[in-house]
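Q:
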Amino acid sequence: MSNKIKKQSLLGKTPQRNKTQKSSAKKTTAATAQSTANTANNVSADENKPKSRKLIISLIVIVLGFLITPKPQLITYQKLGLVTQSVYWPGLFGYGANLFDSSLQPRADLERNTIYLCQDLKQPATCQKYRVTEKSGFFAAMKKLILD
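In our numbering, the protein residues as written are 5 to 152.
Set out below in structure tokens:
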């Protein structure tokens with residue numbers, strides 16, 4: 005048999021030993037290990053639910069924001085034989101409309117296929133009327149913006 009090594013502390017005191025029954029000690033350690041594992045699983049399950057709920061809510065908000073905001077369109081307009089293709093963004097709720105390749109301010113009526121390009125929106129005499137011949141969607145507008 006092997007010799008048992010006695011543990012010594014650094015300060016010269018020997019640790020006090022409590023005599024307990026080996027079987028009860030094993031049962032208590034196994035029971036405490038299982039209870040801590042169960043509580044850890046319950047805590048992690050509770051933490052996963054709010055994270056997944058927050059993720060779902062944030063995705064819904066992003067999708068709704070994308071659906072509500074106006075998207076740019078690629079429009080082709082002409083006047084007196086001059087044909088131009090440009091990306092038109094209608095702005096937020098009608099304010100801040102913009103043509104990306106023009107310094108003029110647009111006022112569009114795409115239902116009637118007309119667009120007015122003005123130097124000053126307050127003075128109607130500075131506006132010129134153009135006829136919209138073609139309207140394309142969001143992806144065509146993004147392709148034009150990226151390639152130009």
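Just so it is clear, CB atoms sit at the ideal spot from N, CA and C, and this is done for glycine as well.
By the DSSP assignment, the beta strand (DSSP E) with Lys148 in it spans what residues?
A: Here residue 148 refers to the residue found at position 144 when the sequence shown is read from its first residue. It is not in any beta strand (DSSP E) - Lys148 instead sits in the alpha helix (DSSP H) that spans 142-151.
Q: Pick out whichever of Ile79, Val67, Ile60, Asp124 has its Cα sitting closest to the Cα of Thr137.
A: As a working note, residue 137 is residue 133 in the sequence shown. When only C-alpha atoms are compared, the closest one is Ile79.
Q: Would you call the region 126-146 and the region 72-87 touching, i.e. three or more CB-CB distances under 8 angstroms?
A: Yes: the two stretches touch, three or more of their Cβ pairs being nearer than 8 angstroms.
Q: Answer with buried or exposed for Ile64, where buried requires no fewer than 16 other C-beta atoms within 10 angstroms of its C-beta.
A: Along the sequence shown, read from residue 1 onward, the residue named residue 64 stands at position 60. Its Cβ having fewer than 16 others within 10 Å, Ile64 is exposed.
Q: Exposed or buried, what is Ser90 when buried is set at 16 or more other beta-carbons lying within 10 Å of its beta-carbon?
A: Here residue 90 corresponds to residue number 86 of the sequence shown, with the count starting at 1. Counting Cβ neighbours within 10 Å, Ser90 comes out buried, since at least 16 surround it.
Q: Using DSSP with H/G/I as helix, E/B as strand and the rest coil, what is Ile119?
A: To locate residue 119, count along the sequence shown from 1; it is residue 115. Reduced to three states, the DSSP call for Ile119 is strand.
Q: Tell me the residue span of the beta strand (DSSP E) that contains Leu86.
A: Start at 1 with the first residue of the sequence shown, and residue 86 comes out as number 82. That run of the beta strand (DSSP E) goes 86-93.
Q: What do you get for Ala129, buried or exposed, if any count of 16 or more other CB atoms within 10 angstroms of its CB means buried?
A: If you number the sequence shown from 1, residue 129 lands on position 125. Flag for Ala129 reads exposed.
Q: Sort Leu96, Pro54, Tyr92 by Cα distance to Leu71 and report the nearest one.
A: Looking up residue 71 in the sequence shown gives position 67. Residue Leu96 is the option with its Cα nearest to Leu71.
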